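Written out below as structure tokens is the structure these notes cover.
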Amino acid sequence: MSLYWLEQTMAVMPLVLWVYFGVGIPYALVCLPRSEWHKRVSVVALAFALGPALLTMWMLILGVIGGALETALLRFDLTFGGTIVIALIGYGLLWRKAQTPSAKVETEQPMPLAFDERLLIDLIVLAVLVRWVVTSYWSFTAYDALWVYGYQGRLYHLLGYIPQDIGYYPQFMSLQYTFFQLLSEGFDDHAARAVIPFLHVGSILATYMLGSRLFTRRVGIIAAAIWTFYPHVAQWAHIGDLEIPLTFTLTLTMTFFLQAWSQETTRLRRHYALLAGICFGIAMWTKPTAGAFIYGVVLLVVIEFLRMRGNWRAWYPRFEVAAITGLACIPMGAVWYLRNIALGLPPLVFPPDVWLTLATRSGDLLSFPILALLLAIAYKASKGDIKHGWVMLIGVLLLLAGTMPSSPLISEALGAVRRDPPMSYFTPLELVLTISGAILIAWTWRERLIKRAGSTLSSVGWAYLLILPYFVTYFWSYSYHARLSFAIVPVMLLPSAVILARWLPSIRLRQWHGITKTGFASLLIALALPGILTPITGVSEYSDYLWTNRYPDDFSKTKAYNPGVALAAEYLWGYEAYYDEVPVVVAPGEQRLPFFMPYATIISDTVPTTYEELEGITHYIYGTQARWRYEDEGIEPLDNRIVASLGREHLFSQVLRFRGGIFTYDIYELFLDAEYELYELDLFEDEVIYGGVIEHLEDRASNTQLVGNTIHYDVFFRVLAPIEENYHLRVDLVNIETDTIYETWELTSHPNEHGYYNSELWQVGEVVRFSDTILVNITDLPTGFEAYRLGINFVNSETGEILPVTLNGEPVDRYTVFARFSVGQ
Numbered sequence: 141m142s143l144y145w146l147e148q149t150m151a152v153m154p155l156v157l158w159v160y161f162g163v164g165i166p167y168a169l170v171c172l173p174r175s176e177w178h179k180r181v182s183v184v185a186l187a188f189a190l191g192p193a194l195l196t197m198w199m200l201i202l203g204v205i206g207g208a209l210e211t212a213l214l215r216f217d218l219t220f221g222g223t224i225v226i227a228l229i230g231y232g233l234l235w236r237k238a239q240t241p242s243a244k245v246e247t248e249q250p251m252p253l254a255f256d257e258r259l260l261i262d263l264i265v266l267a268v269l270v271r272w273v274v275t276s277y278w279s280f281t282a283y284d285a286l287w288v289y290g291y292q293g294r295l296y297h298l299l300g301y302i303p304q305d306i307g308y309y310p311q312f313m314s315l316q317y318t319f320f321q322l323l324s325e326g327f328d329d330h331a332a333r334a335v336i337p338f339l340h341v342g343s344i345l346a347t348y349m350l351g352s353r354l355f356t357r358r359v360g361i362i363a364a365a366i367w368t369f370y371p372h373v374a375q376w377a378h379i380g381d382l383e384i385p386l387t388f389t390l391t392l393t394m395t396f397f398l399q400a401w402s403q404e405t406t407r408l409r410r411h412y413a414l415l416a417g418i419c420f421g422i423a424m425w426t427k428p429t430a431g432a433f434i435y436g437v438v439l440l441v442v443i444e445f446l447r448m449r450g451n452w453r454a455w456y457p458r459f460e461v462a463a464i465t466g467l468a469c470i471p472m473g474a475v476w477y478l479r480n481i482a483l484g485l486p487p488l489v490f491p492p493d494v495w496l497t498l499a500t501r502s503g504d505l506l507s508f509p510i511l512a513l514l515l516a517i518a519y520k521a522s523k524g525d526i527k528h529g530w531v532m533l534i535g536v537l538l539l540l541a542g543t544m545p546s547s548p549l550i551s552e553a554l555g556a557v558r559r560d561p562p563m564s565y566f567t568p569l570e571l572v573l574t575i576s577g578a579i580l581i582a583w584t585w586r587e588r589l590i591k592r593a594g595s596t597l598s599s600v601g602w603a604y605l606l607i608l609p610y611f612v613t614y615f616w617s618y619s620y621h622a623r624l625s626f627a628i629v630p631v632m633l634l635p636s637a638v639i640l641a642r643w644l645p646s647i648r649l650r651q652w653h654g655i656t657k658t659g660f661a662s663l664l665i666a667l668a669l670p671g672i673l674t675p676i677t678g679v680s681e682y683s684d685y686l687w688t689n690r691y692p693d694d695f696s697k698t699k700a701y702n703p704g705v706a707l708a709a710e711y712l713w714g715y716e717a718y719y720d721e722v723p724v725v726v727a728p729g730e731q732r733l734p735f736f737m738p739y740a741t742i743i744s745d746t747v748p749t750t751y752e753e754l755e756g757i758t759h760y761i762y763g764t765q766a767r768w769r770y771e772d773e774g775i776e777p778l779d780n781r782i783v784a785s786l787g788r789e790h791l792f793s794q795v796l797r798f799r800g801g802i803f804t805y806d807i808y809e810l811f812l813d814a815e816y817e818l819y820e821l822d823l824f825e826d827e828v829i830y831g832g833v834i835e836h837l838e839d840r841a842s843n844t845q846l847v848g849n850t851i852h853y854d855v856f857f858r859v860l861a862p863i864e865e866n867y868h869l870r871v872d873l874v875n876i877e878t879d880t881i882y883e884t885w886e887l888t889s890h891p892n893e894h895g896y897y898n899s900e901l902w903q904v905g906e907v908v909r910f911s912d913t914i915l916v917n918i919t920d921l922p923t924g925f926e927a928y929r930l931g932i933n934f935v936n937s938e939t940g941e942i943l944p945v946t947l948n949g950e951p952v953d954r955y956t957v958f959a960r961f962s963v964g965q
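Add 140 to a position in the sequence shown, counting from 1, and you land on the number used in this note's numbering.
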């Protein structure tokens, strides 16, 4: 079995270590207070944020200048040389800081880790190793990675600069993907993806910091373990999109911000606020949804102002924290958005409305707070410290009755899946039950809540208020996928970690021996095992891919996840090889195809409706994505000349058809120059005109004894003038001796899966063909030799009005020179 993927990953590893450690460590130490240099987790976590941030900021400068000059400045020599200069500056600043005297801080010797803490750390390390192998094995396969980050990494590698029409997401990940494959011949997904595990480790370290800095080391370890083994994280840790890096940088931000918020020492308060701002700048350099943090800060400042009853002196220290954080984030946080504005691009691009309608808004989105609540009740019950037990039980039951039925998993198991937005999952009754349950539980704990408002509960409360705007935005608009909540999950799980740490303190576990210790360790392993194995078992349809040759190359891996777009790319590669011509493709809404052909012209951000918009285009792709885009624009197929024409084989030659899963693909090779070319027709000597706008050119039909019940016909018309109504072709089976109509059909031109060529779209001078097979009911037809003809008219599809027809200038009821048929022997 080929291990090319491992070789490519390891080949770039020294470069990754240089950026994350060599560049990041000195700046982490410069940013942290000297009293915290011994906190290795904090140093490494901050280094993992600052190293790649400084690298990508330097690459942004090169890429933007190169884009303006259309000159390849994103070369390895310039980029790597810049990291050396950046690192030297960092080490210089570090040396200078090390020379300045610092106040001595008495640090207590930390207690040895409890056995469960050591076990959790070992399990986290094992999970990270498994995810590193899986990440190294796979190429880019997920939708967003193909659409934006992986594609842009390839494009910048190919061009050597950032094109000036590139906007949308910031470049924290895309530029890293570019840098780590600059030494590769061609595109190298495994070199690019070598950074993914480091950012995942960063998210684990940041979650630990959140728990340990706000509470205790034990809380930090438990919080890091819950985050690591959270099933959705286990599934998405190897993907390479923005959610894990965003969680990493935003969790660092919230950690330092909450430390500053609760810090009484002015110097440290400002220092932590500055760190929060730097990390928030990196978060905004990662993904714009980090901006919801701003609303959280504003909410805290307003609440604090009200809490202080407008006392400016008492309120100012926390306002200062917010102000310093906001100012410090600007250099890294605003640069991409300002660049977009300067180039006339939108600073932010929100997802299409269709995605917002898919938000579940279900009760299970409250799972982490509910878990913490249930743990708190169980903890107090174990101590016999439950008052008003029946009231509390009723509150819990009401809370569960309100939240759990709307869970997609539960509703699907009950056969009652709710799909119709808005508020499709959380019904008004369930909302009332949830609120009622929460009120009852709060009433039973009212005394405890008041007494402890300034302790642990206060810290958790500030943290939850900080993420409240983010949660509301996610709940209402983006809850169509759990990964979009990752950025606030470390805070959401924090209360559970605090409760578990207090319920099972390390001093208590040190007293456990024998079967108790073994049983608890076994329980932890059992809980962690799904999160460890999910990257192997839950990534592919087949779980043996790591030790078989099931996916021998990167294309087969990508194809396993994206069969339709991969087949489209494969066809276009073949076209390019055969004709020695790079295709020019219009593919409305198909964002992933450029990943496979970053050098080709693939236009996906347009919804063309006229042939003129396809001038110079070699291929047109119509599928699920295109249909969604046209629907978003309110363009119906029959109003769209292109989609309505897809059955016109001489202009749109279908070369690929894919049906499977969500996404469908139809690729058409275009021959639009033939629009006004005549077929090889035997034109009539007679002049047949319908309504003064359509000329009958020729008809062809089977001219044999009608023993069966089918007639295949072809009839051709030329458009003489614009047509303002939609007309169908009316075909009558007529007995010419009695002038009796026995059967009538209404037919359309070039019918296809998506519609037909609507007469309102016909252009003056073009030839339109009607071709089909019609079924005749011959049971009651009198026999006769050449007694029947097919008479044709055009009929308004809405009103049924028939277009008048003239034969050589004379009005007739219908044109009936269209073949003769006999019925019977």
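Don't be surprised by glycine CBs; every beta carbon is placed ideally from N, CA and C. Quantities reported herein were computed from a predicted structural model and do not represent experimental measurements.
Proximity to VAL341 [Cα-Cα], best of THR240, ALA365, THR318, SER625: ALA365
Considering only C-alpha positions, which residue in the set GLN794, LEU414, GLU827 is nearest to GLN399? LEU414
Compare the beta carbon distance of SER402 and SER182 with 8 Å and say whether it is the shorter of the two. no
Look at the alpha carbon of PRO561 and the alpha carbon of LEU663, and state the distance between them as a whole number of angstroms. In this predicted model, PRO561 has a pLDDT of only 49, less than 50, meaning its place in the structure is not dependable; the value taken from the coordinates is given anyway. If you take the alpha carbons of PRO561 and LEU663, they lie about 40 Å apart.
For the alpha helix (DSSP H) holding HIS852, just list the boundary residues, first then last. From DSSP, HIS852 is part of no alpha helix (DSSP H) but of the beta strand (DSSP E) over 850–859.
Just mark ILE672 as buried or exposed, buried being the case when its beta carbon has 16 or more other beta carbons within 10 Å. buried
Rounded to whole angstroms, how far is the Cβ of ILE184 from the Cβ of LEU345, which I believe are closer than 8 Å? A quick correction: the sequence has Val, not Ile, at residue 184. Between LEU345 and VAL184 the Cβ distance is about 6 Å, and since that is below 8 Å, they are a contact.
Backbone secondary structure at HIS411 - three-state DSSP: helix
Apply the 10 Å Cβ neighbour rule to GLU527 and answer buried if 16 or more other Cβ atoms are within range, or exposed otherwise. According to the sequence provided, residue 527 is Lys. The question's Glu does not apply to it. It is exposed - the Cβ of LYS527 has fewer than 16 other Cβ atoms within 10 Å.
Residue span of the beta strand (DSSP E) that contains HIS759, given as start and end: 759–763 is the span of the beta strand (DSSP E), which, as asked, contains HIS759.
Mind reading off the beta-carbon distance from LEU810 to LEU901? Whole number of angstroms is fine, and I expect it under 8 Å. No, LEU810 and LEU901 are not in contact; Cβ-Cβ is about 17 Å, not under 8 Å.
Buried or exposed, going by whether 16 or more other CB atoms sit within 10 Å of the CB of GLY756? exposed
Using a beta-carbon distance below 8 Å, is ASN702 in contact with chain D? In the structure shown, chain D cannot be found, because there is only a single protein chain.
Look at the alpha carbon of HIS790 and the alpha carbon of TYR760, and state the distance between them as a whole number of angstroms. 14 Å
Would you identify the three-state DSSP class for THR946, choosing helix, strand or coil? strand
CA-to-CA distance, SER314 to PRO738, given in whole angstroms: In a straight line, the C-alpha of PRO738 is about 14 Å away from that of SER314.
Assigned exposure category for ASN892 - 16 Cβ within 10 Å defines buried: buried
Which word fits MET197, buried or exposed, when buried means at least 16 other C-beta atoms lie within 10 angstroms of its C-beta? Buried is the call here.
For TRP585 and VAL531, the rounded distance between their alpha carbons: 11 Å
Please determine whether the Cβ atom of HIS759 lies at a distance below 7 Å from any heavy atom of the ligand PLP. Ligands are entirely absent from the displayed structure, and the ligand PLP is therefore not among its contents.
For the beta strand (DSSP E) that contains TYR805, what are its first and last residues? 805–810
Tell me, to the nearest whole angstrom, how far the beta carbon of LEU515 is from that of ILE639; I am working on the premise that it is less than 8 Å. 5 Å
MET251 burial status per 10 Å Cβ neighbour count (16 or more: buried): exposed
Between which two residues does the beta strand (DSSP E) containing PHE792 stretch? 792–798
When you compare only the Cα positions, how much space is there between SER240 and GLU176? Per the sequence presented here, residue 240 reads as Thr, with Ser not at that position. The alpha-carbon atoms of THR240 and GLU176 are separated by roughly 15 Å.
Do three or more CB pairs link the region 600–610 to the region 480–490 at distances below 8 Å? no
Mapping the DSSP letters down to three states, classify GLU883 as helix, strand or coil. strand
Could you give the distance in angstroms between the alpha-carbon of LEU286 and the alpha-carbon of ALA541? 41 Å
Spatial neighbours of TYR897 within its chain, please: C-beta separation below 8 Å, excluding the five flanking residues on both sides. ALA784, SER785, GLY787, ARG788, THR888, SER889, HIS890, VAL908
With DSSP as the reference, label HIS868 as helix, strand or coil. In this structure, HIS868 counts as strand in the three-state DSSP scheme.
Whose C-beta lies closer than 6 Å to the C-beta of GLY360 among residues of the same chain, with five residues either side of it excluded? TYR348, GLY351, SER352
Candidates ALA766, PHE695, GLN765, of which the one nearest PHE736 by Cα: PHE695
Please give the ranges of any alpha helix (DSSP H) in the region 471–554, keeping only runs that are unbroken, at least 4 residues long and fully inside the region. 475–482, 493–496, 507–522, 529–543, 548–553
Where ARG407 and LEU505 are concerned, what is the direct C-alpha to C-alpha distance, given to the nearest angstrom? 39 Å
Let me know the alpha helix (DSSP H) ranges lying completely inside the region 237–286, each 4 residues or longer, listed in chain order. 255–277
Measuring only the C-alpha atoms, how far is VAL163 from VAL152? 16 Å
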